[in-house]
Amino acid sequence: AAPKGVWCPTCGLAALAPTTQRDVLIALAKQSILSKLHLEDRPNITHPTSRGALLTALRRMRAQRTDTSLSLGIPGDDGHVPRLRPGMGAQEYEILSFAESGSSTSRSVRLHFHFTRELAGSTEILQATLYLFWTVPGPGTYPVTIRLLQPDPTGLNVTGGSETRLEVQRDGWATLDVGRAVQSLFIQGGQRLTVELEVAEDWGSRLLAIHNDSHWPFVAAQARARTPHRVQRR
Amino acid sequence: GIDCSGDSRMCCRKEFFVDFKEIGWEDWIIQPEGYHMNYCAGLCPLHMAGIPGLAASFHTAVLNLIKANNAEAAVDSCCVPTQRRPLSLLYYDRDSNIVKTDIPDMIVDACGCT
């Protein structure tokens, strides 16, 4: 707070000792960033994503993206993070959620994708894509069923959602639009999307295996902060 | 706008860089490495109302208004940001998801007198 009689806040700052000034400014910077990210405190990162998985995901998304309006650029060497869509109104987000392995059998595997409460409650989903990497056991066509499961009202179990059948013929990345599933998850206030992959034969373990960091399944979502319905007019 | 230098007392932009590593935030903010939390400081005596950083014509208009009205009645002119840009962040949220967003108007590029 500026000392008495000084009419502008930053003039008060000039009256402080340099170290105190620095502490005040750093505290202001922290408070400003956390409040704009709707975070009460800085997150404690329990299991950071490997750099390989992050860079692969960012590259896949950029390769996948046709419209350049929202580009989650790979941070440049100069540390500059390319901007989303310049001049946008409501704040926009790109969210990368990496799979957490769930239960699995020789013919099926479950993957869980978490979304935080802050984002789930205050944003609308513009687009969401599931990225999967297949490794086929040999020549041929391998039918795969993908189910998107939602938490039931108790939040304890998962109930059947939409189902998609794919024919996998070679190694490589595949994408699936999961925008509707993630949007309904957010509307229900849920935080976890479960994806179940099922294959016909017991060669599934190879097809569904997650071999290394760089081929880790992930969901890339584009979201926009909900604007309050009533806009104050000045 | 004018960047503050030495002991300039007039309205100017003070640069202040917050290095995320220095404050122990480099583990959850992936990019960038810091935040240019520049701010505006300095005096705006009446003859400076409307400059720098704003169109000269605006300055003339303001001065004429002050002359036309009783100068004593004129309110103070303040040193405020006249150009700002967003802060683009790539960070981990509480579930270790990775989020990219632009926080609007976070970086002050120029200051001027209202």
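Here the protein sequences line up with chains A and B, keeping their order.
Counting from 1 along the first sequence, just add 14 to a position and that's the residue number in our numbering.
The numbers in our numbering rise by one with no breaks, and the one at position 1 of the second sequence is -4.
Each residue gets a CB set at the ideal place from its N, CA and C atoms; glycine is no exception.
*Cβ atoms of A113/A and W187/A: under 9 Å apart, would you say?*
Within the first sequence, the letter at position 173 stands for residue 187/A. Within the first sequence, the letter at position 99 stands for residue 113/A. No, the Cβ-Cβ distance between W187/A and A113/A is not below 9 Å.
*Give the range of the beta strand (DSSP E) segment to which S117/A is assigned.*
Position 103 of the first sequence, counted from the first residue, corresponds to residue 117/A. Taken as a continuous stretch (DSSP letters only), the beta strand (DSSP E) holding S117/A covers 114 to 118.
*Could you work out which residue in T96/B, F11/B, V13/B, F15/B is closest to T12/A when comparing CA atoms only?*
Nothing in the structure corresponds to residue 12/A, since chain A is present only between 15 and 248.
*Following the continuous beta strand (DSSP E) through T189/A, name the residue where it begins and the one where it ends.*
Against the first sequence, residue 189/A aligns to sequence position 175. Where T189/A is concerned, the enclosing beta strand (DSSP E) stretches over 186 to 191.
*R240/A in three-state terms, based on DSSP*: Here residue 240/A is taken as the residue at index 226 of the first sequence, counted from 1. If DSSP states are grouped into helix, strand and coil, R240/A belongs with coil.
*If you run the structure through DSSP and keep just helix, strand and coil, what is F129/A?*
Reading the first sequence from its first residue, position 115 is the one you call residue 129/A. Looking at F129/A - three-state DSSP - the assignment turns out to be coil, as it is neither helix nor strand.
*asked:* Please state the DSSP three-state secondary structure of S122/A.
replied: On the first sequence, residue 122/A is found 108 positions in, with the first residue counted as 1. It is a strand residue.
_Per-residue contacts from L69/A into chain B (C-beta, under 7 Å)_ = As a first step, residue 69/A must be located in the first sequence, where it is residue number 55. The premise fails here: L69/A is roughly 11 Å from chain B at the closest Cβ pair, so nothing lies under 7 Å.
_Going by DSSP in three states, L68/A sits in which element: helix, strand or coil?_
The residue labelled residue 68/A in the question sits at position 54 within the first sequence. Helix.
*H61/A (DSSP reduced to helix, strand or coil)*: Here residue 61/A corresponds to residue number 47 of the first sequence, with the count starting at 1. Residue state, collapsed to three classes: coil.
*Quick one: which chain A residues come within Cβ less than 8 Å of T96/B?*
As a position in the second sequence, residue 96/B is number 101, starting the count at 1. Residues of chain A passing the Cβ test: L51, L98, Q105, E106, Y107, E108.
*DSSP three-state call for R8/B: helix, strand or coil?*
Position 13 of the second sequence, counted from the first residue, corresponds to residue 8/B. R8/B falls in the strand class under three-state DSSP.
*Would R89/B count as contacting chain A if we go by Cβ distances under 9 Å?*
The residue labelled residue 89/B in the question sits at position 94 within the second sequence. At least one chain A Cβ lies under 9 Å of R89/B.
*The alpha helix (DSSP H) spanning A41/A covers which residue range?*
One-based indexing of the first sequence puts residue 41/A at position 27. Per DSSP, A41/A belongs to the alpha helix (DSSP H) from 32 to 50.
*At least three beta-carbon pairs within less than 8 Å, the region 29 to 41 of chain A to the region 197 to 206 of chain A*: no
*Report buried or exposed for D100/B, applying the criterion of at least 16 other Cβ atoms within 10 angstroms of its Cβ.*
As a first step, residue 100/B must be located in the second sequence, where it is residue number 105. With fewer than 16 Cβ atoms within 10 Å of its Cβ, D100/B is classed as exposed.
*Are any of the Cβ atoms in chain A nearer than 9 Å to that of D104/B?*
Within the second sequence, the letter at position 109 stands for residue 104/B. No, its Cβ sits nowhere closer than 9 Å to a Cβ of chain A.
*F12/B: buried (16+ other C-beta within 10 angstroms of its C-beta) or exposed?*
The count along the second sequence starts at 1 and reaches residue 12/B at position 17. Looking at its Cβ environment, which holds fewer than 16 other Cβ atoms inside 10 Å, F12/B is exposed.
_Straight-line Cα distance separating R56/A from T189/A_ = Locating residue 189/A in the first sequence gives position 175, counting from the first residue. Locating residue 56/A in the first sequence gives position 42, counting from the first residue. Each residue's alpha carbon lies about 32 Å from the other.
_To the nearest angstrom, how far is the alpha carbon of L162/A from that of A237/A?_
Counting from one through the first sequence, the residue named residue 162/A turns up at place 148. Counting from one through the first sequence, the residue named residue 237/A turns up at place 223. Each residue's alpha carbon lies about 19 Å from the other.
*Tell me which same chain residues have a C-beta within less than 6 Å of the C-beta of S64/A, skipping the five on either side of it?*
In the first sequence, counting from the first residue as 1, residue 64/A sits at position 50. These residues qualify, in order along the chain: D227.
*Do you know how far the Cα of G107/B is from the Cα of H126/A?*
Within the first sequence, residue 126/A is the residue found at index 112, counting from 1. Within the second sequence, residue 107/B is the residue found at index 112, counting from 1. Approximately 51 Å, taken between the alpha carbons.
*In the DSSP assignment, what residue or residues form a beta bridge with Q205/A?*
As a first step, residue 205/A must be located in the first sequence, where it is residue number 191. The partner list for Q205/A (beta bridge, DSSP) is empty, contrary to what the question assumes.
_Buried versus exposed, by CB contacts within 10 Å (16 or more), Q45/A_ = Sequence index remark: in the first sequence, residue 45/A carries index 31 (1-based). With fewer than 16 Cβ atoms within 10 Å of its Cβ, Q45/A is classed as exposed.
_Cross-chain neighbours of P57/A in chain B, by beta carbon under 7 Å_ = Residue numbering aside, residue 57/A sits at position 43 when the first sequence is read from its first letter. Here the neighbours are W23, Y87, D88, R89.
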